[in-house]
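In the numbering used here, the protein residues as written are -14 to 91.
Reading through the structure tokens given below for one structure.
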């Protein structure tokens, strides 16, 4: 269950990272509120996951999920580059996350 909580925290990290793009410097109220909610909820769930997961593993996975997810949103919906080099780097992050899960904490 802890891994599910950490995964949800990572998804909310994607939400606030992408949300920042739409806040226009926190001048737009609704996107700003949604972004702030995602920030607080993401950190809260990370804190819960840290009760039983090692700090390094949990933090690396949380940021990795956020990084890969945010890059995917940028590519799929915001017209950002999907160059081979960028996709290879994203794949390396995914392999690192998988490695931490498979070889790291249970």
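We put the beta carbon where it would ideally sit given N, CA and C, even for glycine.
Since the model is a prediction, treat every value here as computed from it, not as a measurement.
query, result
"Three-way DSSP call (helix, strand, coil) for residue 36 in this model", "coil"
"Assigned secondary structure, residue 63 (DSSP; H/G/I helix, E/B strand, else coil)", "coil"
"Endpoints, alpha helix (DSSP H) assigned at residue 80", "69 to 88"
"C-beta atoms of residue 1 and residue 21 nearer than 9 Å", "yes"
"Closest Cα partner of residue 82 within the set 30, 54, 65 and 68", "54"
"Residue 22, DSSP secondary structure in three states", "helix"
"Rounded Cβ spacing between residue 43 and residue 31 (contact assumed at less than 8 Å)", "7 Å"
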